[in-house]
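Quick note on the working numbering: the sequence shown kicks off at 53 and runs consecutively.
Backbone N, C-alpha and C fix where the C-beta goes; we use that ideal spot for every residue, glycine too.
Just so it is clear, the structure is predicted and the values come from calculations on it, not from any experiment.
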Amino acid sequence: MLAYIVRRLLLIIPTLFGIMVINFVIIQAAPGGPVEQLIAQIEGTAVAATARVGGGGGGEVQAPRAAGGGDGTARYRGAQGLPPDFIEEIEKLYGFDKPAHERFFQMLRQYITFEFGNSYYRDETVINLILEKMPVSVSIGLWTTLLTYLISIPLGIRKAVRDGSRFDTWTSAVVIAGNAIPSFLFAILLIVLFAGGSFFDWFPLRGLVSDNWEELSWPQKILDYFWHLTLPLIALMIGAFAGLTMLTKNSFLEEINKQYVMTARAKGLTERRVLYGHVFRNGMLIVIAGFPSAFIGILFTGAMLIEIIFSLDGLGLLGFNAALTRDYPVMFGTLYIFGLLGLVMHLITDLTYVLIDPRIDFETREV
């Protein structure tokens, strides 16, 4: 097992490097970088930040060269009329006075020691911003994962036991509908219905706590916290519980039809003893082992749109705003941390399999 863990940890290095390379190339090629953003603010127009001007090809917008021809103002839309030395100062400010490959490897050298630099537009380090927003996203991801498991596992077991019954049919229809509706679309529906849209005004539309949260007593703070979380959690759970419910059902169905279950029944054991004394451990293997990955999936993918819709100041909203403003340190810093965390969680998932079922041996498995 130790050899397998070492191999997986070593594999994280080239995998994370590949993730950073691909995203660096894509983001660098996108129009409207930080230089254009600052020029747009100086010129007082957002148009300058929407396209980059190049020497031809790639669908880039062409602009007439400023007087002098060879200065840096011709490289950026909206920079005409600005002094070339001023443009050079902006490029130096953001590190764009160096070639792309130099900037990339300098970034990696810093990231090895978890030095992510400062945000372009906030007087904060990237790591402090991430730590500041982390509690909101962790709250959403953790509660969604726990509630999803608490609902999906009993429902999936009952569906497996009553396979083919009317209960199984009707619940399958609900599960399929929940799986078909995107969480962000369901979130909008919840806002229209219950957050003062067109019908009821029962829940808050934005934020994780009320403005007067500090003045509330501890019981009131807890109630206020869950009052704000109700709609976001429901929106996230509607899609998450569907897949887990069917996974639980299919896993239990496979175990119920095995020979050892028939033998246990032939010995006169009660159905409850057979189900929870023999089937449960084997049937729950794949479900429980997937908990770390499920949490990370909810935390860093589905929760992003929910944070934006409900104005929850978490990591998803931080990344969204960073992408809009081309705040590269925040974009690459969060990408590096999330990529590293995701790869580690995959390893933890494999180790969880071994803890639940010691019969699994990864020593002979190829990475």
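Check	Outcome
S250: buried (16+ other C-beta within 10 angstroms of its C-beta) or exposed?	exposed
With a cut-off of 8 Å on the beta carbons, I'd call G193 and I233 a contact; round off their distance for me.	In fact, because the Cβ distance is near 20 Å, the residues do not count as touching under 8 Å.
Which two residues bound the contiguous alpha helix (DSSP H) that contains I64?	54–81
Can you tell me whether I389 is buried or exposed? The criterion is at least 16 other CB atoms within 10 Å of its CB, across all chains shown.	buried
Quick one: using the 10 Å Cβ neighbour count with 16 as the cut-off for buried, is T322 buried or exposed?	exposed
When you compare the segment 180–199 with the segment 354–365, are there three or more beta-carbon pairs, one atom per stretch, that lie closer than 8 Å?	yes
Quick one: grab the DSSP three-state call for N309.	coil
Given a threshold of 16 other Cβ atoms within 10 Å of its Cβ, counted over all protein chains shown, does Q80 qualify as buried or as exposed?	exposed
What does a CB cutoff of less than 6 Å around L62 pick up in its chain, not counting 5 residues either side in sequence?	none
Would you mind working out which of F156, F255, S303, H398 sits nearest F69, comparing C-alpha positions?	F156
Between the C-alpha atoms of K420 and G230, what's the straight-line distance to the nearest angstrom?	This structure cannot settle anything about residue 420, because the visible part of the chain is limited to 53 through 419.
I361 lies in the alpha helix (DSSP H); which residues open and close that run?	355–361
Going by C-alpha to C-alpha distance, which of I400, V244, K211 sits closest to L305?	K211
Could you name the residues of the same chain whose beta carbon sits closer than 8 Å to that of S363, not counting the 5 residues immediately before and after it, in chain order?	L257, R258, G259, L369
Is the beta carbon of L183 less than 8 Å from the beta carbon of V382?	no
Would you call the segment 293–312 in contact with the segment 324–336, where contact means no fewer than 3 C-beta pairs closer than 8 Å?	yes
Please state the DSSP three-state secondary structure of T177.	strand
Given a threshold of 16 other Cβ atoms within 10 Å of its Cβ, counted over all protein chains shown, does A119 qualify as buried or as exposed?	Note on A119: pLDDT 36, under 50, position unreliable in the model; the coordinate value appears next. The residue is exposed, with fewer than 16 neighbouring Cβ atoms inside 10 Å.
Using 8 Å as the threshold, is the segment 292–302 in touch with the segment 197–214, meaning 3 or more CB pairs across them?	yes
Determine which residues share a DSSP beta bridge with A247 and list them.	D253
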